[in-house]
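In full-length UniProt numbering, the protein residues as written are 1 to 340.
Where a beta carbon is used, it is the ideal one built from N, C-alpha and C, also for glycine.
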Ligand SMILES: C[S@@+](CC[C@H](N)C(=O)[O-])C[C@H]1O[C@@H](n2cnc3c(N)ncnc32)[C@H](O)[C@@H]1O
C-alpha cells in the first residue's frame, strides 16, 4: 500500500491535465508551481481513507501526500485533513509515515516532526546551544532584548539582515523558503510578509521558541492566511524530501547547532539544484580581531560551534555547495552558497 503512494509522489503538486505522474526520483517540478494554496496535495486515482490515522485503501477516496517527509526515512508523509501549507489546515491534519508506521500531529500550534515526537519514556537532552533556547524565559526574552544585544558584535539588525538575505535569495523568488532555527520567527515573519515566496516554513527545535513564533503571528492576518507553517524539527534531520526546498535561511544559528557539518550537509540535501542557503552566525574571531584577543577566544570557544570564516566556507564547499560569498562585520558573518 505504501509503495503505491510513494511512487506517485511528486513534490506535493496537484496534477491537472497535461501533468504526468513521474516518480520522485525523475521529476523536478518548477518551483513556481509548488505550494500554491490549493496545490499541496496529490489526487491519485486509487483511493485511500485515513480513519484515526489507520490507512486503508478504498475506492474513490483521496490520497494526500505532503511537502513534509518522515524524519526517520524521508518518505513523504500521508496527510489526513485539509490540504494547504497554512496553520489552520496543518493544525487540523494528522500525518503518517506508511513506511515507519509513525504518526505526527500539531501540538501547541506547531507540527512536531522531530524523531522524538510522541515518545513517552525517552527524553533527549541536546547540547547547551540547543537546550538554552528551549527555556520558556529565554524564548520570551529573545525578541524583547536578547537579540538586540547582537548588534554589539557587528550584527546589522533584523531589517538590514533581512534586506541582505533577500538579495542573496533573488534566484529563489516564488519558491519554498525554510527558515531553519527561526527562533521566535523574527525573519520568518519578514519573509512571509515580503510575498516573495510561495510558502514559508518557520522551523526550530525549541518548543517555546515556536510558541513565541505563533504568539507573534496569531493576530496578524497578513501571515495567518498565507502559506506559512510552524514546524518543530532538528536541523540535522530535516523533514523534507531531497531536492524539495528552494531557499534555506538560518539566522544567528550555526553557532548553536550541535554539528555545523551535519546541519549543512542536511541543508544541502533538501535544497533543489540552484537552491540557495543563507546563514548568519558569530565568528570565533574575524580577520579584524586583534591578534592579542585571538588566543583567549580560541580557548573559550574551542569546544563549541563558533567557527572562523574559512571553516564555514570549507564546510559549505565540502558539502558540494558552490558560489560561496560572505559579508563580515566584526564577529558577524552572513554567508551564502548555492546547490549546483
Ligand atoms: C540565536 S537563535 C536564532 C533565532 C533567529 N533565527 C534569529 O536570527 O534571531 C538560535 C536558534 O537555533 C535553534 N536551534 C538550536 N539547535 C537547533 C537544532 N538542533 N535544530 C534546530 N534548531 C536549533 C534554537 O532553538 C534557537 O531558536
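Residue span of the alpha helix (DSSP H) that contains residue i, given as start and end
| i | result |
| --- | --- |
| residue 315 | 309 to 318 |
| residue 188 | 186 to 194 |
| residue 301 | 294 to 301 |
| residue 284 | Run containing residue 284: none; DSSP gives neither H nor E here. |
| residue 215 | 207 to 217 |
| residue 263 | 260 to 270 |
| residue 140 | 136 to 141 |
| residue 129 | 128 to 131 |
Short Cβ contact (8 Å threshold) for residue i with residue j
| i | j | result |
| --- | --- | --- |
| residue 200 | residue 177 | yes |
| residue 153 | residue 331 | yes |
| residue 231 | residue 203 | yes |
| residue 113 | residue 71 | yes |
| residue 247 | residue 281 | no |
| residue 206 | residue 133 | yes |
| residue 287 | residue 127 | no |
| residue 263 | residue 235 | yes |
| residue 278 | residue 169 | yes |
| residue 80 | residue 93 | yes |
| residue 122 | residue 109 | no |
| residue 98 | residue 78 | yes |
Reference residue i, options the options, closest by Cα
| i | options | result |
| --- | --- | --- |
| residue 213 | 297, 66, 181, 195 | 181 |
| residue 260 | 151, 227, 307 | 307 |
| residue 174 | 325, 250, 276, 316 | 276 |
| residue 346 | 258, 95, 86, 255 | Lying outside 1 to 340, the shown extent of the chain, residue 346 is not represented and no answer is given. |
| residue 319 | 166, 256, 100, 265 | 265 |
| residue 163 | 209, 124, 249, 150 | 249 |
| residue 84 | 295, 313, 224 | 224 |
| residue 136 | 117, 273, 289, 210 | 210 |
| residue 342 | 166, 239, 328 | The shown model of the chain, from 1 to 340, leaves out residue 342, and the question about it has no answer. |
| residue 74 | 294, 302, 241, 125 | 241 |
| residue 216 | 239, 190, 195 | 190 |
| residue 376 | 338, 194, 125 | Lying outside 1 to 340, the shown extent of the chain, residue 376 is not represented and no answer is given. |
| residue 251 | 166, 104, 220 | 166 |
| residue 208 | 146, 131, 300 | 131 |
| residue 76 | 103, 294, 82, 171 | 103 |
| residue 311 | 297, 120, 284, 147 | 284 |
| residue 238 | 194, 195, 118, 179 | 179 |
| residue 336 | 172, 115, 119, 105 | 172 |
| residue 129 | 324, 313, 301, 314 | 301 |
Residue interval of the beta strand (DSSP E) (run including residue i)
| i | result |
| --- | --- |
| residue 227 | Neither: residue 227 is in no beta strand (DSSP E) and is coded neither H nor E. |
| residue 89 | It is not in any beta strand (DSSP E) - residue 89 instead sits in the alpha helix (DSSP H) that spans 87 to 91. |
| residue 171 | Looking at the DSSP string, residue 171 is not in any beta strand (DSSP E), and its letter there is neither H nor E. |
| residue 177 | 176 to 180 |
| residue 76 | 76 to 80 |
| residue 94 | 94 to 97 |
| residue 103 | 102 to 107 |
| residue 324 | 322 to 329 |
| residue 336 | 332 to 338 |
| residue 203 | 199 to 204 |
| residue 248 | 245 to 250 |
| residue 254 | Segment: none, residue 254 is in no beta strand (DSSP E) and carries neither H nor E. |
| residue 122 | Looking at the DSSP string, residue 122 is not in any beta strand (DSSP E), and its letter there is neither H nor E. |
| residue 112 | 110 to 112 |
Supposed close pair residue i, residue j - CB separation, criterion 8 Å
| i | j | result |
| --- | --- | --- |
| residue 317 | residue 340 | Not confirmed; about 11 Å, so no contact. |
| residue 227 | residue 101 | That belief does not hold up - the Cβ atoms of residue 227 and residue 101 are roughly 29 Å apart, past 8 Å. |
| residue 309 | residue 292 | About 19 Å; that fails the 8 Å criterion. |
| residue 184 | residue 255 | Going by Cβ atoms, the distance from residue 184 to residue 255 rounds to 18 Å, so no, they are not a contact pair. |
Given 8 Å, three or more beta-carbon pairs between the region 147 to 163 and the region 224 to 239
By the C-beta criterion, the region 147 to 163 is judged not to be in contact with the region 224 to 239, since fewer than 3 inter-stretch pairs fall below 8 Å.
Q: Assess, as a yes-or-no matter, whether the region 135 to 152 is touched by the region 262 to 272 under the definition of 3 or more beta carbon pairs within less than 8 Å.
A: Output reads no: the region 135 to 152 does not touch the region 262 to 272.
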